[in-house]
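Engineer:
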Amino acid sequence: MLDYTNAEVVLETRDLTKHYGGVHALEGANFKIHKGEHVAIMGDNGAGKSTFVRQITAVEQRTRGDIILNGSKTQFDSPIEAREAGIETVFQNLALADDLDVPSNLFLGREKVKFKLGPFSILDNKAMREATMAGLVKTGVKIPNILNSIQNMSGGQRQCVAIARTAAFHSKLTIMDEPTAALGVQETAQVENIIRTLKEQQEPVILISHNMRQVFDLMDRIVVFRRGRICANLTIDGSLQPEDVVAYITGAKTGSEFPEAM
Amino acid sequence: MSQSSHGIGGLTFDDKKKARAPEWNVFFALVLIVAIFEGLGAALMGQSLLFDSADRFDSIFNEARLKIIILQVAIIGIIAIGSTQVIILGGIDLSPGSIVGVTAMIAMTFAQVAEISAGVPNPKLMFPALADLPVIVPVIVGLIIGIIAGAINGLLIAYTKIPPFIATLGMMVFARGAAKWWSKGQPISFPSDSYAAIGAGMMPVFIFIALAILFHLILKYTVYGKHTYAIGSNEQASRMSGIKVENHKVLVYTIAGALAALAAVVLSSKNLTAQAGMGMMYELDAIAMTVIGGVSLSGGRGSILGTVLGALIFGVIISGFTFLKLDAYYQEMVKGIIIVGAVVLDQYRQKRNAARM
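As you go down the protein sequences, you meet chains Z and D in turn. Just add 87 to the spot in the first sequence (first one is 1) and you have the numbering used here. Just add 1303 to the spot in the second sequence (first one is 1) and you have the numbering used here.
#1: Judging by CA-CA distance, which residue of Z/341, Z/196, Z/334 is the nearest neighbour of residue 1541 of chain D?
#2: Is any beta-carbon of chain D found at less than 7 angstroms from that of residue 195 of chain Z?
#3: Between the alpha carbons of residue 315 of chain Z and residue 132 of chain Z, how many angstroms are there, rounded?
#4: DSSP on residue 111 of chain Z, reduced to helix/strand/coil?
#5: Can you check which of these residues, D/1565, D/1526, D/1608, D/1572, is closest to residue 1551 of chain D by C-alpha distance?
#6: Are there 16 or more other CB atoms within 10 angstroms of the CB of residue 1485 of chain D, so buried, or fewer, so exposed?
#7: Any idea which residues DSSP pairs residue 1551 of chain D with across the strands?
#8: Return the chain-ordered ranges of every beta strand (DSSP E) run that is complete within the region 308-332 of chain Z and spans a minimum of 3 residues.
#9: Tell me which same chain residues have a C-beta within less than 8 angstroms of the C-beta of residue 307 of chain Z, skipping the five on either side of it?
#10: Secondary structure at residue 348 of chain Z, three-state DSSP: helix, strand or coil?
#11: Please classify residue 160 of chain Z as buried or exposed, where buried requires at least 16 other C-beta atoms within 10 Å of its C-beta.
#12: Inspect the beta-carbon positions of residue 1326 of chain D and residue 1608 of chain D and report whether they are closer than 7 angstroms.
#13: With DSSP as the reference, label residue 286 of chain Z as helix, strand or coil.
#14: In whole angstroms, what separates the C-alpha of residue 259 of chain Z from that of residue 288 of chain Z?
#15: Give a yes or no on whether the minimum CB-CB distance between residue 1593 of chain D and chain Z is below 7 angstroms.
#16: When DSSP labels each residue in this structure, what does residue 1576 of chain D get in the three-state scheme?
#17: Can you pull the chain Z neighbours of residue 1604 of chain D, defined as C-beta to C-beta under 7 angstroms?
#18: Let me know the secondary structure DSSP gives residue 153 of chain Z once reduced to three states.
#19: DSSP on residue 99 of chain Z, reduced to helix/strand/coil?
#20: Listing by chain order, which chain D residues have their CB less than 9 angstroms from the CB of residue 291 of chain Z?
#21: Residue range of the alpha helix (DSSP H) that residue 1531 of chain D falls in?
#22: Examine chain D for any beta-carbon lying closer than 7 angstroms to the beta-carbon of residue 296 of chain Z, and answer yes or no.
#23: Quick one: what's residue 206 of chain Z bridged to in DSSP?
#24: Should residue 163 of chain Z be flagged as near chain D, meaning a C-beta pair shorter than 7 angstroms?
#25: For residue 1431 of chain D versus residue 1410 of chain D, is the C-beta distance shorter than 7 angstroms?
#26: Would you decide whether residue 1254 of chain D is buried or exposed? Buried here means 16 or more other CB atoms lie within 10 Å of its CB.
#27: Can you find a CB in chain D that lies within less than 7 angstroms of the CB of residue 182 of chain Z?
#28: Could you confirm whether any beta carbon from chain Z is found closer than 7 angstroms to the beta carbon of residue 1688 of chain D?
#29: Roughly how many whole angstroms lie between the Cα atoms of residue 198 of chain Z and residue 215 of chain Z?
#30: Taking the beta carbon of residue 1655 of chain D as the centre, do at least 16 other beta carbons fall within 10 Å, making it buried, or is it exposed?
#31: Roughly how many angstroms lie between the CA atoms of residue 310 of chain Z and residue 1473 of chain D, to the nearest whole one?
#32: Looking at chain D, is there any beta carbon in it that lies within less than 7 angstroms of the beta carbon of residue 265 of chain Z?
#33: Could you check if residue 142 of chain Z is buried or exposed, using at least 16 other CB atoms within 10 Å of its CB as the buried criterion?
#34: Taking one C-beta from the region 264-275 of chain Z and one from the region 290-304 of chain Z each time, how about it: are there three or more such pairs within less than 8 angstroms?
#35: Taking DSSP as the reference, what is the three-state secondary structure of residue 118 of chain Z?
#36: Along chain D, in chain order, which residues have C-beta atoms closer than 8 angstroms to that of residue 256 of chain Z?
Take a look at the structure:
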């Protein structure tokens, strides 16, 4: 297993905190992810996983704490800014336009243009098609014809299109929120295959998942959230057992033995 | 690239897997309707609808009827080009008919001549100071009226978040009122020769075709078109993707308003007069052409080409009924049935697509 402690830090959070009125949904989260590292975020429902992701992607504004992307503190006012800075999120409910084809979805909101003319800029369809092909080849997705609208594609193919965005845009960090929760066995395999491909390309990934087998197969490290706090930071090596992770998730074990193992 | 039959690995770019363009379905419907009228014509009238039945050797088609078919849908067709974009965006626009009314009235005021012939003053002249202006003035004034009305529609829909149906219904009633208020209900007539030339003869058809081609290309090849389809398909995803949804909505409704204004200029020029009731119910015919042309009322799907074919279906039905010497009442009844039928077909297509997923 590779050691990432000396690799470049892509994203770091210090004391990241979010209160909804009196509810402390996220409390003092210190988190790091390095270049090429794949980190799983696990935890029970309401443990703070999604809140954590919503702060990083600026879907919500944090109560306090710092988010440091590539060494500099950031303040994103909207998810769009976070995306432009290179944090790409694949949501559980896909943010895709069903009636458009694959290249249009990949380049939605940031179309390549041949000729600038304000809103009437001429699209560079050829360049977008080629970039789409390249992005899909990277992810190894099979799609009968990328110029068909995506509404007739399978859930797996659609999820792959959503993930292929990250490959096409060389994002700095990909966050996936339960990308296989709604997928069948073969489609799950497709998506996992893409995650492996991203690993080979040294693209960092944060994966939120409840699937222990998936996490152990694909990830380098597990960060466990419990009651709004990070309670464990576990490197996946031969000695870590799924039962241990479950123990942290349910609170049977506490993280005192892993205070700052980042 | 490998073409394994399993899910993983390889990417295909197979033209055989390309879905058939939905416009073909509309085209087949057009052919079918023509065939029905040809059949009825042969059986009942002993004549052909579109083909030359006078046995002249120099022509295949009945050109006079072809011209009428397209001429009678050209002006509403110009409005339908705007309706198509609004409906693809996921909206609806009920105001263009009334915008035609108010624009025709105001534009015509700037197009009047002082004397209808030497020494005979124009009996309908509204503002003597505005007589005998160059033709560009009424056209620009008309466009400005349409742009303002469309922009108000767009701003209301984008920023107050009221449903497009309500916003444009308000504009429909308001603009009709404004059209009546402008001249206290009096018709405005006797435009200059150059204004009258805009809608003379086959000009409406040429203008309709030119605008259809222009907007077909814009929808297909520009960012504007892509964003229109994207917002109609999934507004939330479009917003998340960084599209400025509100600005775009204002732009689309403004363009629809401008197209209604152009239709008003062509119509008032063709009729050589403007009346407050002009364009009444045009919006419904425009929406009908759009829907018949395969544009989905739920947004995200359709094209200008489809709408042009939808307009032709409309024209063939109207001409066909006249050709068969049937009452105009039947015409409207059949139009109603076809509109509902087109929407039912669209719903059915959507359900079938959803089931396939």
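By construction, the Cβ of each residue, glycine as well, lies at the ideal position given by its N, Cα and C atoms.
Structural biologist: Walking through what the data contain:
#1: Z/196
#2: yes
#3: 11 angstroms
#4: Residue 111 of chain Z: strand per DSSP, three-state reduction.
#5: D/1526
#6: buried
#7: BP columns for residue 1551 of chain D are empty, so no partner.
#8: Taking only runs of at least 3 residues, the beta strand (DSSP E) segments lying wholly in the region 308-332 of chain Z are 308-313, 316-322.
#9: 88, 89, 91, 124, 125, 126, 322, 323
#10: Low local confidence applies: a pLDDT of 43 at residue 348 of chain Z is under 50, so the model's placement there is unreliable, with the coordinate-based value given in what follows. For residue 348 of chain Z, the secondary structure class from DSSP, reduced to helix, strand or coil, is coil.
#11: exposed
#12: Yes. Within cutoff.
#13: helix
#14: 12 angstroms
#15: no
#16: Strand, per DSSP.
#17: 186
#18: strand
#19: strand
#20: Correct list: empty, because the minimum Cβ distance to chain D is about 22 angstroms.
#21: 1526-1536
#22: no
#23: Looking at the DSSP output, residue 206 of chain Z bridges to Z/204.
#24: no
#25: no
#26: The structure shown has nothing for residue 1254 of chain D, since chain D only spans 1304 to 1660.
#27: Contact of residue 182 of chain Z with chain D is assigned, a C-beta pair being separated by under 7 angstroms.
#28: Chain D is shown from 1304 up to 1660; residue 1688 of chain D falls before or after that span and cannot be answered.
#29: 8 angstroms
#30: By the Cβ neighbour-count rule, residue 1655 of chain D is exposed, with fewer than 16 other Cβ atoms within 10 Å of its own.
#31: 56 angstroms
#32: no
#33: Buried.
#34: yes
#35: strand
#36: Under the 8 angstroms cutoff, chain D gives no residues; its nearest Cβ is about 12 angstroms from residue 256 of chain Z.
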